[in-house]
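The working numbering applies: residue 27 is where the sequence shown begins, and numbers increase by one.
The beta carbon of each residue, even a glycine, is placed where N, CA and C say it ideally should be.
On a predicted model such as this, the values are computed, not experimentally measured, just so you know.
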Amino acid sequence: MSTTVVPAPAPIRLRPADTDGIPATFKRRKRGIIYVRVSQARADMISPELQVGHAQALADANDIEVIHEPIMDLGESGREFEERKIEEIKQMARDKEFDVLILWIWSRFGRNLRESLQHLDALMDYGVEVRAAKEDFDGKTTIGRFAIAQMLNIAELESNQKADMWRDTFERRRNKGLPHSNRGKFGYYRCLTCPKWEFGKKLETCPRCRPGILNVDPVTGPVLAQMYRDYAAGISVRKIVTNLNRRGFTTFVGKPWTSGDLHATLDTGFGLGYVRYLIPELGHKVITREDGSTKKKRVNRQRDITAYLYYGGAHKAVIDDPVECEKLWDAYTKRRMMQSSKHFSSNQARYSLSSLLRCFGCGGRMQTALRNKKYRRPLIDGLPNPLDVTFRCANHIDNKSCPVNGVYISLAVAEKWFQKWLAQEATMDAETSRKLTARMAKIRAQGDENSDFLKRLSQIEAQLTDIRREEDKLTDAVLEELISKDAARRKRAELETQKGALLKESADLQDKVKNVPKVIERPDQQRIASALEVYSVAGQADRRELVGKLVREIRVYPGKDTEGKIEVYSLWTSPPPRIKPALAA
């Protein structure tokens, strides 16, 4: 008996012989973002637009889809990473939001070899490819990583060489008796033919002015001399500033004078024949990281006169007598140091209503001034008597920019009317309190509704991210022949429908969201009455803490000590309407 052998069926091919038949829509493009850095604005800088153009050209040539607006660090040094957006980029890499980071050249990423390599290694660990448009190396190969390290090493070398050049330049200028920078000074000029200095533009000078020695201006030079004499004589800074602005004088850059501008000008000592240079040890501080390593960080803060060394300059002082210049400088530094230690040692508010009072005309803050020492009353708990403390509109005092010429109020008057407001809140009748509570509940409900909107927007964004991941998985499945193209097409259509609905809902919610400030629940009558009792006997510091928990803003109106002098906006009411200066007058 013979047996018929049935041939086995042909094996099913799990992969296609070629990928020509796969639609282009299923071929996943790499997602890229562009990073731009410019250390500072100057005439010869490589503009952000040029960097973006080269990076976009690289993306187009390699079929990379740029999915995000260019991430820019403008005015940031390549030697520092703390203040830049590298951590933001790394977080995006952790979230798998992009595949390729595109630079213009490698020095744009950083000029610190060790830290640059650490951040690049972190990005590559997250699966991100980093490429430079003008210095394109394959970072996945050994030779490519070596080339990248060399380019970063060259960038650090260039940075160090520039630092050495600037150090030598400053030393040469100091030896010649020239100031740290070549910018002009108030009270001086170069000559009548040289163009005026402009920020960000290269200074062009004639051959006569090229040595950099400034000449005393016949108009503003005597004004600078009088500023030193007035300050040394004890005349108040506010009076000096007000006098300068009233006479029409402006700073070197053309702005109205403020107390800060006055100190910045006089602190240099330039008008008395000195040039100053920062003490090198005070220019940087050492920071210890969590891993125990250290680094130097530049200290960018306002420094007092003790942070500098003063040398004799090659220019002429605004006062011909060198003996008088020396005496004025000694008197100036003595008073300056006394004021610095007395008034600027702490940024804490000194009085109960500090930082809460606002001018009704411009909405600007109000600053304090003390009565003349000859007429001051005895101190109370180490602070001036409230009758001797006056709050004045800072915009009007500094540069006359308040459209209603400012307002003023004494601390004693402001506290009196605030206590009256607090007493009214504490003794409010039950019906009025109930209506106010209902109205505030409605405002808070609006804020809660917006919170729900924001929460839903976050959920929608998460859902859209999941859909994008599903689309990526679908594309990979089609490429690996795990599902048929028809099934993938149906699934993609379903995902597109879901995505369209979510995007429409997101747009509608964003239209509904409003910028409603936080409104707290109104304290009960007993708590407000207790606050009034405490305020009546507490000192200025305790009063300030108490008021900060109750009040959003206090607007001051013109007029004498009468009803309506102040208007209090509590934290359980809506904020005051924004003031438009053009309409305030």
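Beta-ladder partner(s) of residue i, from DSSP
| i | result |
| --- | --- |
| threonine 416 | Ala395 and Ser436 |
| tyrosine 300 | Gly338 |
| serine 596 | Val577 |
| valine 582 | Cys385 and Ile592 |
| glutamine 91 | Here residue 91 is glutamate; the residue named in the question, glutamine, does not match the sequence. Per DSSP, Arg57. |
| asparagine 241 | Tyr215 |
| valine 249 | In DSSP, valine 249 forms no bridge with anything. |
Residues of its chain near residue i, where Cβ-Cβ distance is below 6 angstroms and the 5 sequence neighbours each way are ignored
| i | result |
| --- | --- |
| aspartate 293 | Ile331 |
| tryptophan 447 | Val594 |
| lysine 342 | Val242 |
| glutamine 536 | none |
| aspartate 407 | Gly565 |
| proline 549 | none |
| glycine 1 | Shown here, the chain extends from 27 to 611; a query on residue 1 therefore has no answer. |
| proline 603 | none |
| glycine 387 | Cys428, Pro429, Val430 and Ala610 |
Which of helix, strand or coil DSSP assigns to residue i
| i | result |
| --- | --- |
| leucine 405 | coil |
| leucine 286 | Reading the sequence as shown, one finds glycine at residue 286 and not leucine. DSSP places glycine 286 in helix when its eight states are reduced to three. |
| cysteine 385 | strand |
| isoleucine 469 | Note that isoleucine 469 scores 49 on pLDDT, short of 50, meaning its location in the model is unreliable and no value can be drawn from it. |
| asparagine 271 | helix |
| lysine 160 | coil |
| threonine 51 | Legend: pLDDT at threonine 51 = 47, less than 50; position of this residue unreliable, value from coordinates given subsequently. In this structure, threonine 51 counts as helix in the three-state DSSP scheme. |
| glutamate 155 | strand |
| asparagine 10 | The shown model of the chain, from 27 to 611, leaves out residue 10, and the question about it has no answer. |
| proline 603 | coil |
| tyrosine 561 | helix |
| tyrosine 377 | coil |
| cysteine 62 | Inspection of the sequence shows that residue 62 is occupied by valine rather than by cysteine. Looking at valine 62 - three-state DSSP - the assignment turns out to be strand. |
| leucine 183 | helix |
| lysine 442 | helix |
| asparagine 425 | helix |
| phenylalanine 172 | helix |
| valine 349 | helix |
| isoleucine 305 | coil |
| glycine 280 | coil |
| valine 430 | coil |
| leucine 204 | coil |
| isoleucine 266 | helix |
| aspartate 568 | helix |
| proline 549 | coil |
CB-CB length for residue i against residue j, believed under 8 angstroms
| i | j | result |
| --- | --- | --- |
| lysine 281 | valine 439 | 33 angstroms between Cβ atoms; not a contact. |
| alanine 564 | alanine 452 | Not quite, the Cβ-Cβ distance comes to about 16 angstroms (not below 8 angstroms), so this is no contact. |
| valine 344 | glycine 213 | 6 angstroms |
| glycine 339 | phenylalanine 296 | 7 angstroms |
| leucine 149 | leucine 127 | 6 angstroms |
| valine 301 | leucine 240 | No, valine 301 and leucine 240 are not in contact; Cβ-Cβ is about 11 angstroms, not under 8 angstroms. |
Own chain, CB closer than 8 angstroms to residue i, minus 5 neighbours either side, in chain order
| i | result |
| --- | --- |
| isoleucine 493 | Leu521, Gln524, Lys525 and Leu528 |
| threonine 284 | Val267, Asp424 and Asn425 |
| threonine 580 | According to the sequence provided, residue 580 is isoleucine. The question's threonine does not apply to it. Excluding residues within five positions, the ones whose Cβ falls inside 8 angstroms are Leu379, Leu382, Leu383, Arg384, Ala440, Phe444, Ile592, Glu593, Val594 and Tyr595. |
| glycine 260 | Arg361 |
| isoleucine 305 | Ala333, Tyr334 and Leu335 |
| isoleucine 97 | Ile59, Ile60, Tyr61, Val62, Lys111, Glu114 and Ile115 |
| isoleucine 605 | Phe386, Gly387, Cys388 and Gly389 |
Contacts around residue i, its chain only, beta-carbon distance under 7 angstroms, and the 5 residues preceding and following it disregarded
| i | result |
| --- | --- |
| leucine 409 | Arg376 and Gln566 |
| leucine 270 | Trp283 |
| threonine 291 | Phe212 |
| threonine 277 | Phe212, Trp283 and Asp287 |
| alanine 357 | Ala258 |
Check: residue i C-beta below 6 angstroms from any heavy atom of the ligand ADP
| i | result |
| --- | --- |
| arginine 255 | Ligands in the displayed structure: none, and consequently the ligand ADP is not present. |
**Prompt:** Which whole runs of the beta strand (DSSP E) in the stretch 95-137 are 3 residues long or more, in chain order?
**Reply:** 97-100 and 126-129
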